[in-house]
Each structure stands twice: as structure tokens, then as C-alpha cells.
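For reference, the structure discussed in these notes is given below.
2 protein chains.
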Amino acid sequence: MRRNPERRLALIDAAIEVLAREGARGLTFRAVDAEAAVPPGTASNYFANRDDLFTQVGGRIYERLLPDEATIARSREGVQDQARYAELMHELVDRISAFNSGYLALLELRLESTRRPELRAVLTKRIREDIDANIAYHAASGLPGDSTSVVLLYLTLNWLIVERLTLPDIFTEQEIHELVDAAVRRSLNA
Amino acid sequence: MRRNPERRLALIDAAIEVLAREGARGLTFRAVDAEAAVPPGTASNYFANRDDLFTQVGGRIYERLLPDEATIARSREGVQDQARYAELMHELVDRISAFNSGYLALLELRLESTRRPELRAVLTKRIREDIDANIAYHAASGLPGDSTSVVLLYLTLNWLIVERLTLPDIFTEQEIHELVDAAVRRSLNA
DNA sequence: TTGACACCACTCCATGTGTAGTACTACGTT
DNA sequence: AACGTAGTACTACACATGGAGTGGTGTCAA
Numbered sequence: 001m002r003r004n005p006e007r008r009l010a011l012i013d014a015a016i017e018v019l020a021r022e023g024a025r026g027l028t029f030r031a032v033d034a035e036a037a038v039p040p041g042t043a044s045n046y047f048a049n050r051d052d053l054f055t056q057v058g059g060r061i062y063e064r065l066l067p068d069e070a071t072i073a074r075s076r077e078g079v080q081d082q083a084r085y086a087e088l089m090h091e092l093v094d095r096i097s098a099f100n101s102g103y104l105a106l107l108e109l110r111l112e113s114t115r116r117p118e119l120r121a122v123l124t125k126r127i128r129e130d131i132d133a134n135i136a137y138h139a140a141s142g143l144p145g146d147s148t149s150v151v152l153l154y155l156t157l158n159w160l161i162v163e164r165l166t167l168p169d170i171f172t173e174q175e176i177h178e179l180v181d182a183a184v185r186r187s188l189n190a
Numbered sequence: 001m002r003r004n005p006e007r008r009l010a011l012i013d014a015a016i017e018v019l020a021r022e023g024a025r026g027l028t029f030r031a032v033d034a035e036a037a038v039p040p041g042t043a044s045n046y047f048a049n050r051d052d053l054f055t056q057v058g059g060r061i062y063e064r065l066l067p068d069e070a071t072i073a074r075s076r077e078g079v080q081d082q083a084r085y086a087e088l089m090h091e092l093v094d095r096i097s098a099f100n101s102g103y104l105a106l107l108e109l110r111l112e113s114t115r116r117p118e119l120r121a122v123l124t125k126r127i128r129e130d131i132d133a134n135i136a137y138h139a140a141s142g143l144p145g146d147s148t149s150v151v152l153l154y155l156t157l158n159w160l161i162v163e164r165l166t167l168p169d170i171f172t173e174q175e176i177h178e179l180v181d182a183a184v185r186r187s188l189n190a
């Protein structure tokens, strides 16, 4: 088992691209090697087996989907009212949609997790933490709404992104924009 | 190309199970043959190639996820108020969750459709029709809410089902129940 | 009798895992 | 400066699996 951390990270990030492009079953050591442009056999040296590869990707993918520090800092600025909330949600949807392959890879991982208990455990932990962090962040932010509205928005926006990324002709960009606004507005009405 | 329609349907339904269990890349002629318990080579005779298989499954899957006539008829009974709306949505979520493999197969198809234009066209058409039908049905039903509330509910409940089927430990059954109620209630507030 | 379909067998091909072995590089030691 | 060593990159190979596609034979019903 090799230890070079940069190389390991490069392999995992390559695996994310492979996942998005080829699907879960297409995530093979060979494909990761090719994507990362390293000699064949390298991934074999960094991951004990495919299960291990999936688990490590599951641990990494969420980091890459989360906003960076600067983005978080920026989100705290300005009045924290409903209009600002909607603005933040537009940014969220755009940011995640932009990292296309990351989100698709996460979907593949979710589906794969129905077959891999270890992966499921990793994903469950990460996502549960993220939801809780969102609720806590929201509570401290001064934005309108309660914890239920946070969760409802999480649900709604997730599927909106799925729709946009998998069947882009279902909703126009205009409709997506309006749906985000409506989701924010209505989720706040307790 | 063989024509026996019962056999074709049996193969397609077998393909749905394979999709849910093995993922999109695992959907092979061989696997379908095995699942349908027919001799190897049979699926080759019924589908020109894998692309054709995917497309035909895409045309079928939605039929199986839709409610049957009896269920639709029952949904028209009683007062059409918000409490009834919530009740119907609980039934919807439970019905779709129950046909576990069908919903997972549809997710696999969505992801696969990023790679297969024909499949994407079929799915886009079906889903667009379904959303429009839901909006029309809702408008005629006397249930509260507008077309935006229908779409928002569609989004929210879809991801709720994803969450339940792929990472069942994120939300408890109790929480899911409450989220459905909250989604109905809040989506109605224009 | 004939035609459509079920069934079976076989060829060809592609892909992937896991591992053993070799080459390289950097670093510490004397 | 020369040497040794350890860790890693790289290469090659043995072995196994799985699947597509097709041609041919059997079977049954009209």
C-alpha cells in the first residue's frame, strides 16, 4: 500500500471523474489509472480492492462539493433576509451544478451504497453531518425560517439539481430560477 | 428480432430488476436472460443492442411507477382539502418506495441517459408528460394549491424517496412522515 | 408443410485483477 | 564523494471472467 498523499488524492479525484462518466460499475483500477494518467497498476497499489476505492471516494467527494471558506464568509455578509436567502440558494444550485461530475459521482455512489455497506456508512455519516451543519449554520445566521425549512429546501434543491443535470430539457433555466425562488419563499411559511 | 410480446415484457421487467440490483453497466443481455430465467441468447434476439434495451426499458419503467386506475379513482373520493392532499402524498411516497427496484432502476436510467441521447429523449418525454398530467389532474381535482406547488412537491418528494431508498438511516420513518406533511403544508402557501 | 420462435452451442473478443519483479530517486551515513 | 537503503514508480504477465453476436437445430401450431 503506497503512501504518497498527493498521488492518492489525484487518484481519488480521477475516480470521481470516472464515476460520473462511466458509472459505478465502470469504476475500475484500470480506468482510474487511465484517467489520472499514471501507469496501469498504480491504483492497485493505493487501494486494497474496489470496495476500499469506493469508500475512500465516498469520504472525499463531499469535501469537494462543499463551499470553500471564502464562499462561506461571503454568505455571512449583508442583511440576512428572505431575498438574501434566495440569492444564496441560487448560488448554491449554480455552484453544485457547475461541479457537474462531482454531483453525478455522488449520485452513483448513493446507488452503489445500496450494495456496499461500508460505503453506505461513510455516506450516511457525511450527509447527516452536512444536514446538521446546515441547520446549525442557518440557526446562527439570522436567516428566516426554522430547521424544517432548511431540510425541505435541501430536499427540493437536490432534486432540482438532479433534474437539471440528468434531463436538462425538463425545466428551462428560467423555470429553475423561479422554482428556487418559490422553494425559498414557500418553505419559510410555517 | 422476435415478436412475442409477453416474452418481451418479461424481459423488460427482468431488466428493471437487473438495473436496480447491478446498476446500469450491469445491464447486459446475459444478466437479463438469467433474471428472466430464459436461455442465454434470448435477449439478444429481442433487442438490437444494449442501446435499444435501455430505450425500451425507459419506455416501460414509467408505466410501472404510475398508479393504477383503481388508485386514481380512489384518490378522487372524499373532500379534497389539505389533509386529504397530505394523505394522498403519503400514499404516493409509500407506493413508490414499495416498488423499490423500479425507482432505483429509474435513477440508474437517469444517470445512464447522460450518455445515451435516445434514452434521454424517451425519459424527457415521459417525465415531462407526467409532470404536466399531474398539474392538470391537480387543477381539476379541487385540491388546494397552484401549479407551482405541484412542481415543488414533485421535487421535494422525489428526493425524499431517494433519501429513503439509498441512505435509509438519514431520516427516520417518523421524520419522513412529518416532512411529507410539512412539504404539503408549506408548498401550498403562495 | 411451413414458418416463427425457443433453445443451444460456439467463436471471438475485450477487460480487469493481483502480483512479482525491475528501475528510479532521494536521503542518510560514513 | 561514495555507498547503501528504503520507498515508490513503473512494467509485465498470469490468470480469470464475462459478454456479444450468430448460426443452427428442435418444437409447436396454424
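Chains as they are written, first to last, in our numbering: chain A, 1 to 190; chain B, 1 to 190. Even for Gly, the Cβ is constructed at its ideal location relative to N, Cα and C.
With contact defined as three or more Cβ pairs closer than 8 Å, the stretch 43-54 of chain B and the stretch 112-131 of chain B are in contact. By the neighbour-count criterion, in which a residue is buried when 16 or more other Cβ atoms sit within 10 angstroms of its Cβ, Asp13(B) is buried. Annotation: the continuous alpha helix (DSSP H) that includes Ile72(A) extends over Glu69 to Ser75. Taking C-beta separations shorter than 7 Å and ignoring five residues to either side along the sequence, the partners of Gln56(A) in its chain run Ile12 and Phe47, following chain order.
Those residues of the stretch 32-52 of chain B placed with their C-beta closer than 8 Å to a C-beta in chain A do not exist. Around the beta carbon of Val93(B), a 10 Å sphere encloses 16 or more other beta carbons of the protein chains shown; the residue is thus reported as buried. DSSP, reduced to helix, strand and coil, places Ser147(A) within a helical segment of the structure shown. The beta carbon of Ile176(A) is closer than 7 Å to those of Leu160 and Arg164 in its chain, skipping five residues each way along the sequence. Residues of the stretch 164-179 of chain B with a C-beta less than 7 Å from any C-beta of chain A: Thr166, Leu167, Asp169, Ile170 and Leu179, listed in chain order.
Annotated three-state conformation of Gln80(B) is coil, per DSSP.
Using a Cβ distance threshold of 7 Å, Glu35(B) and Glu17(B) count as a contacting pair. Between the stretch 134-147 of chain A and the stretch 82-99 of chain A, the count of C-beta pairs closer than 8 Å reaches three or more; the two stretches touch. Contacts with chain B at 7 Å (Cβ-Cβ) do not include Ser97(A).
Using a Cβ-Cβ cut-off of 7 Å, Ile127(B) counts as an interface residue toward chain A, since at least one Cβ of chain A sits closer than that to its own. For Thr156(B), same chain residues with a beta-carbon under 6 Å away, outside a window of 5 residues either side, are Ala183 in chain order.
With a threshold of 7 Å between beta carbons, Gly102(B) makes no contact with chain A.
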